[in-house]
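First comes the structure, then the notes that go with it.
Protein chains: 4
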Amino acid sequence: MGGLREECGVFGIISKENTDVAASTYYGLFALQHRGQESCGIVVNNGGAFSDYKDTGLVNDVFTADRLHKLGTGNMAVGHVRYGTTGGKGRINAQPIVVENIKGHTALAHNGNLTNYSELRRDLELGGAIFHTTNDTEVISYIITQERLTSDSIEEATVKAMSRIKGAYSLVIMSSSKLIAVRDPKGFRPLCYGVTEDGSYVIASESCAIDSVGAKFIRDVLPGEIIVFTKDSINYIDTHCNTEKQSFCVFEYIYFSRPDSQIEGKTVQSCRVRAGEFLAKEHSVQADVVIGVPDSGLDAAIGYSRESGIPYEIGFIKNKYIGRTFISPGQTTREDGVRIKLNVISDVVKGKRVVLIDDSIVRGTTCRRIVGLLREAGATEVHMRVSAPPFLNPCYYGTDIDSKENLIACNYTLAEITTMIGVDSLGYLSLEDAMSLAGEEMKDKFCTACFNGAYPTEISTNTYTNLYNQENSSKNIED
Amino acid sequence: MGGLREECGVFGIISKENTDVAASTYYGLFALQHRGQESCGIVVNNGGAFSDYKDTGLVNDVFTADRLHKLGTGNMAVGHVRYGTTGGKGRINAQPIVVENIKGHTALAHNGNLTNYSELRRDLELGGAIFHTTNDTEVISYIITQERLTSDSIEEATVKAMSRIKGAYSLVIMSSSKLIAVRDPKGFRPLCYGVTEDGSYVIASESCAIDSVGAKFIRDVLPGEIIVFTKDSINYIDTHCNTEKQSFCVFEYIYFSRPDSQIEGKTVQSCRVRAGEFLAKEHSVQADVVIGVPDSGLDAAIGYSRESGIPYEIGFIKNKYIGRTFISPGQTTREDGVRIKLNVISDVVKGKRVVLIDDSIVRGTTCRRIVGLLREAGATEVHMRVSAPPFLNPCYYGTDIDSKENLIACNYTLAEITTMIGVDSLGYLSLEDAMSLAGEEMKDKFCTACFNGAYPTEISTNTYTNLYNQENSSKNIED
Amino acid sequence: MGGLREECGVFGIISKENTDVAASTYYGLFALQHRGQESCGIVVNNGGAFSDYKDTGLVNDVFTADRLHKLGTGNMAVGHVRYGTTGGKGRINAQPIVVENIKGHTALAHNGNLTNYSELRRDLELGGAIFHTTNDTEVISYIITQERLTSDSIEEATVKAMSRIKGAYSLVIMSSSKLIAVRDPKGFRPLCYGVTEDGSYVIASESCAIDSVGAKFIRDVLPGEIIVFTKDSINYIDTHCNTEKQSFCVFEYIYFSRPDSQIEGKTVQSCRVRAGEFLAKEHSVQADVVIGVPDSGLDAAIGYSRESGIPYEIGFIKNKYIGRTFISPGQTTREDGVRIKLNVISDVVKGKRVVLIDDSIVRGTTCRRIVGLLREAGATEVHMRVSAPPFLNPCYYGTDIDSKENLIACNYTLAEITTMIGVDSLGYLSLEDAMSLAGEEMKDKFCTACFNGAYPTEISTNTYTNLYNQENSSKNIED
Amino acid sequence: MGGLREECGVFGIISKENTDVAASTYYGLFALQHRGQESCGIVVNNGGAFSDYKDTGLVNDVFTADRLHKLGTGNMAVGHVRYGTTGGKGRINAQPIVVENIKGHTALAHNGNLTNYSELRRDLELGGAIFHTTNDTEVISYIITQERLTSDSIEEATVKAMSRIKGAYSLVIMSSSKLIAVRDPKGFRPLCYGVTEDGSYVIASESCAIDSVGAKFIRDVLPGEIIVFTKDSINYIDTHCNTEKQSFCVFEYIYFSRPDSQIEGKTVQSCRVRAGEFLAKEHSVQADVVIGVPDSGLDAAIGYSRESGIPYEIGFIKNKYIGRTFISPGQTTREDGVRIKLNVISDVVKGKRVVLIDDSIVRGTTCRRIVGLLREAGATEVHMRVSAPPFLNPCYYGTDIDSKENLIACNYTLAEITTMIGVDSLGYLSLEDAMSLAGEEMKDKFCTACFNGAYPTEISTNTYTNLYNQENSSKNIED
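Structure, rendered in structure tokens:
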């Protein structure tokens, strides 16, 4: 069910000729919609002339046929979907960001989070910089622009900029003549590329977006790698590759990415099925049926069923029209939310011992309501299995895993949570199993900070506060 | 996947006191959204004063919080979701229809189709009637109004009206003081009712809508039955019950209704699983994996897997944001449609013999594309199983099963279709099995017209034509 | 300034060929916008197939280029602008009304008000009629349809219907092949027609709409006249002409119609200038400057200036963007309304004795505020002159002149009103002068009911109440 | 009638307490709407926290009650209306611009045009600056931010910045605690301030906006003056005052400003009336009636009438609903535009010799059509008088007076123009009279560049090109 949210998805395309790159970007963003529902944007590059449109809303609300048409044709485009807080600031913070510097226009789309954002921004401000947004993407633009003044090319400037920015970043950068993929040296977030039959190259956060435009997946962008695409050439820059230990976010497998995407050679679905198998081994139980919470618990439920031999069934119907702005009119509370979104198929659970699989428990409230629905429908026992270890620490690398006070696992014991959510038993995936989801070769390549606090980068003491309080800060009041 | 469309869903509520009946109706319609996506409407009755809002669009697009609020509170409400053709006529044909006659306001919401619509309308016009819509609902309003002139109550008028109207109709009627459920004597379309904890009665096309407002399901409205709810009483009128043999639409189980709804004592999902089991018996095959086309093929796939022992897997990811107005910009064709909506999880099918389950084949084009996606992803064999018998005849009872020229099964042999859609084998559910989906006791109670042409009512020779050409007819040109 | 509102404007066009009649109707309605700002609609007739669009809002908000395009081409069209109450009922009551009867489609656009609406509706309901609106236009449709059953043509039916309907009505009726102009025998409301260079005939409430489509004005439709246009012929029916004494609404000259329109051979502006001249004779005063309240007081101010020799000046600037939905946010009250809409040009009035001309005083509140603005700006004396006699009686013929309790002149003496609105002197146009506005030949042809209560038709005792309470009535509660 | 457009209007307010400053700004912008119809924006400052909303569209379309409410209360606000080109760039260029620098948030609203924009921007880019817009306002923000690094206050930074920026600028600047009015040393554009009864100070482009919020006009901001308002103090900085000769734009009197505004001690209307009087002296003619083209020709027509003794009449009705997005559907051309907007009152001109007054002739096309309407309506002679001298040079100070090829007066003689627009005689206001419009004391204080090419500032040779081609430039293509 999930209370977690990914921050962003990025997409870029470069073709040999002037074509409808806006339409391809639209399809790509639509496939990445699960990575961000707050705002989206597309920038088209037609021989150095940029046209763009960004707004809050889902991809197919923001981009009507008319608006796509107005973007015109081009030989390159960059797109972005974003999760973020609602409100007035939403539109100004939509990406891709488009700026003009001494060398012409540049567009940037960014997925991740800089851990030295505050320091970088302060330094820039001390140099006379002005900021229009509270995005770290604008900071990246400035850094690259500054380095550009003493570099021979935008890629050289990008290499230098990567020595100054810290944290998680998967970027697509578009200049007048180049499309550039950049992944941070620790490879926190995914980024990959592919090619279409007519020779257009496509960069995307996930391979499902490459599939959606009919392109062939080539490979992941390597941690630290810069790939520079022009109309006629591809240039791979590995200056920052293998300079640091990889720290890929395991939640990309468990929750964020789409099941049909492949990352580091594994489809996300197969890793989720494996999580279910691990759970069945670790936390076996006598039961009559295994059901998953749609959509992200279904694969692990199949895995649990396969390993345990307990039959898999579809136990919930999720209203497929809920997509967007479901309003809660009148006296209705969030309680109703679950009822409207999910309904139990009573046949499946009535008089039965149920194994219920979900991918995470954040605050526990949604979970308690779902268990309540099963009890109402006549389940005699409910055994909850969670296909991830418990969260114990906030994330600074581009997800919204919250501060400790809101994480149920930080504040209650397993026994207490079992009681609170009303289940007969509760089992989490072990950290070790989580590390094994994608096979032995990935075992040491994950970030485990949210589980065990082992942050792979230095964390500025006030990073977290700064980041989320930026908008309302008034740095001084004498001005 | 389906190319079929249900025509409508209806909802009504009556409470003891003035409450937020608009919100309940909104939830109910949201749960019935799958029955009609073209337009929707809600009418609130506050002590005889009616307020209403109707428009084209999905329930949560049409009804913003502000619009629901403007409808005000009341002790009764009626709602409707409708499938229909697009275009200028859309809004005027939205339901519920609200009219005023000598006895005050009446609202009607209708699911079904009158087979003697043309005759009734002509007779009314000969008597001086004027029509604002091309809905048969307006004809029903007139007939009840006419009968009301010589009846002591609206229910007496309704009993008389039922002797004049023919075909399929599940109605919710709201007068100033009564809420009335009406189901045609053959019981073509579902209709049921329930009650909330605080004593409000709820009428709905399907039980999932009753669940969605937290009410308890009581039972189906019987074929031919009229149930009259007032603030203080319930009156059951069985004048038209058991006057005709039941002809329930089997496609309500196979395709139209939501899996969590129960009809005639069976959940829809269990009937679909049973269809899969029947298919496995009838059309067994050596294979490695069973997958269903989301969403309506999934249950039958589980049934096929269970009966055959071939493992069930999730083979497709359906983009969950596709909901509504997905536009196809630029050079893209309908081909792309499938790619954007569905993506194959290649791991699941690569190098495997696949059993593919869907609920129907209408024209065959969508089917061929899906099979193509599986082949591309590396499936070595694709065995298609369809959880319904082939369509051979148009439907006149409220679905859009098309004229013969567009039905693939009318024009090609099984072998030809097998080749056309590119599968290694193809098997349909037998008519006999279809009749057994909901158990022995329902076996003789289905309409089988679309499969074998045995129409349970007389069909006016020009019914079909009339109905669909109504809008553009200019009856005479001397006026 | 005015607190009065006209109820409607009508427009129709018939051309020799299929052309963009929707665009012409759009222009015509735009020119008639002052006659109704609540809703508008256009119906296009393409060889008997009707397409229509209606909604609440101004003409150029409702009709985007896209919507006009969707109406398609045709050889006839009818349009309507309407003033009415806001709220949910708005859209359903928008005109033209389009209905289908035994002879095909008919569209009706109506300006006026039936005085026997309640009786007619009741009779129709007793015959089994159902109503979708609370418009008297729907009643007219029914009556014509009923008469059509025993008539050879729609025009014959219209002649008969005119014997049954009473009150004020200027109609444009469009059948599959005819466009018909109808004006009630007393000629309460204006209606005229013209012809374009390419032989299209145009019917409109006012000649300014005929000008706006580049047509030549021909003449007013006569009181009681029916004019039937077909592609090839014009037929004038005078059965109801000269059957009753004319009762033209003098307020069409004083306030409702556009100054550039001509009615009964006089331009509206010239009549208003004459009103100013009359006022100067009746109510002369020593003063330094004459100013009018924009827009409808300007012409009379020029007339006053001309007759009196006191210089005319532009004393107020009216914000020209106020057009539509000016919102009053925050703590602001209606007081602000005047300030935002009107600003005084202080130079013009500072230290001067001002003659202030407006066309009416309804409740007196707006007037008092305007006088206040002049005082603030330094006017030493303010002498108000009103270019109409005082209202003393409600209107039942299609305007919203209110019930007596809200008419200031019904409840206070001239001296009291002078004090209440804060002027040094106050003078109304005399009834005799009002009757002379349009020249001697029109002198006996006006309705004077709102001034002296001499209603030219019988008024049903409960007409007024019925009409305005219709929507919320629940006729009986047993149903 | 005019083909000229002002570029912008600015507004600011500072109050003692937290109040509904957004509503006041809304009223102020509404009064300034004539200065810019393309986009608008409001920024509210609540103790250093800024909230803003900007979009393309008119003030009362962009700011619904809901959106104003979301801006919240505050003790300061800044607003802007802007004229600009349509299209994708529109929204990003809307003002006020809100940026954050080392000292916190700053909002800027700007009316005018920097003549050294290109040089300043290039220098900033060479220093590593990035730009989000193509506004010179962003350049001003940067310059002030740079100077702020070495200044003790924002006002000190502003004084320094004024030495670097050249051209026309009337600014409202809002920092966390200060509201600042700035007018360039030549005083090209107007700027003034006032105070409300409760002690709130208001800055606006024109006094009509001060009136609209019920404030008292105090005086114009002096050329070169900076006025710094805080909650508790006002500080007047005259460092740049009297450093240059004033060059006020005479078109503010003739065309741009609202007649009820006062500038340099004169109401705009009185100057326009005087222009008419001058015209009557310079270009007398035998005629029967004087009419003005609404709205900006009316005052001069009254002046001409007064001086000449020829009667003034209202000869045109302008459709008052035209305000905004009037669409031209179908086959209609711009020709129709005039017909729809303006209609002649034939009585007034039929058989008469007409003096027609307008404020300018830009390309001559609109003018020719208006004259055509008068001829059609029966005018026997048309004598055109223009209340401004002919344009012969482009403007670089914030209006869109076009390049020479589009200015009719640059390419044709008086006799040729007379023939082209179809009049019997044509007379322009002389340059000397134009300089005398606002009295002797203003005579040497006007910019006359558009009439005689005497530009009061240095003009960079490529200023004009740069400015208007900015958006599509791709500075280099190697990046």
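Quick note, the sequences are listed as chains A, B, C and D, same order. Going by the working numbering, the first residue of the first sequence is number 2, and it counts up by one from there. Going by the working numbering, the first residue of the second sequence is number 2, and it counts up by one from there. Going by the working numbering, the first residue of the third sequence is number 2, and it counts up by one from there. Going by the working numbering, the first residue of the fourth sequence is number 2, and it counts up by one from there. We put the beta carbon where it would ideally sit given N, CA and C, even for glycine.
Where residue i falls: helix, strand or coil (DSSP)
i        : result
Arg190/D : coil
Arg165/B : coil
Thr20/D  : strand
Ala32/D  : helix
Span separating the alpha-carbon of residue i from that of residue j
i        : j        : result
Gln332/A : Cys9/C   : Note on Gln332/A: pLDDT 44, under 50, position unreliable in the model; the coordinate value appears next. Gln332/A and Cys9/C: Cα-Cα distance of roughly 41 Å.
Asp137/C : Glu157/C : 21 Å
Ala162/B : Phe132/C : 19 Å
Ile15/B  : Leu109/C : 38 Å
Ala78/D  : Tyr27/D  : 10 Å
Gly423/D : Ile255/D : 24 Å
Tyr170/A : Thr146/A : 17 Å
Lys405/B : Phe452/B : 12 Å
Glu278/C : Leu438/C : 10 Å
Arg184/D : Lys246/A : 58 Å
Val294/B : Gly168/A : 41 Å
Ala32/D  : Pro390/D : 28 Å
Asp53/C  : Ile43/D  : 40 Å
Beta-carbon proximity check, residue i vs residue j, cutoff 8 Å
i        : j        : result
Gln34/C  : Val60/C  : yes
Asp348/D : Gly298/D : no
Cys209/C : Ser176/C : no
Ile409/A : Arg364/A : yes
Ser285/A : Ser309/A : yes
Ile204/B : Phe12/B  : yes
Asn76/C  : Glu18/C  : yes
Phe257/D : Arg83/D  : no
Ile211/D : Gly195/D : yes
Query - Contact set between the stretch 100-115 of chain A and chain D, restricted to residues whose Cβ is under 9 Å from the partner - result: Val100, Glu101, Asn102, Ile103, Lys104, Gly105, His106, Thr107
Query raised in the report: According to a CB-to-CB cut-off of less than 7 Å, which residues of the stretch 202-224 of chain A neighbour chain B?
Result: Cys209, Asp212, Ser213, Gly215
**Report entry** Interface positions of the stretch 43-59 of chain D facing chain A (Cβ-Cβ less than 8 Å), listed along the chain
**Finding:** Gly48, Gly49, Ala50, Ser52, Asp53, Tyr54
Query raised in the report: Which parts of the stretch 238-319 of chain C are runs of the beta strand (DSSP E), unbroken and 3 residues or longer, counting only runs that do not cross its ends?
Result: 290-293, 317-319
Query raised in the report: Mind listing which residues of the stretch 268-281 of chain D have their C-beta closer than 7 Å to chain C's C-betas, in chain order?
Result: Thr268, Gln270, Ser271
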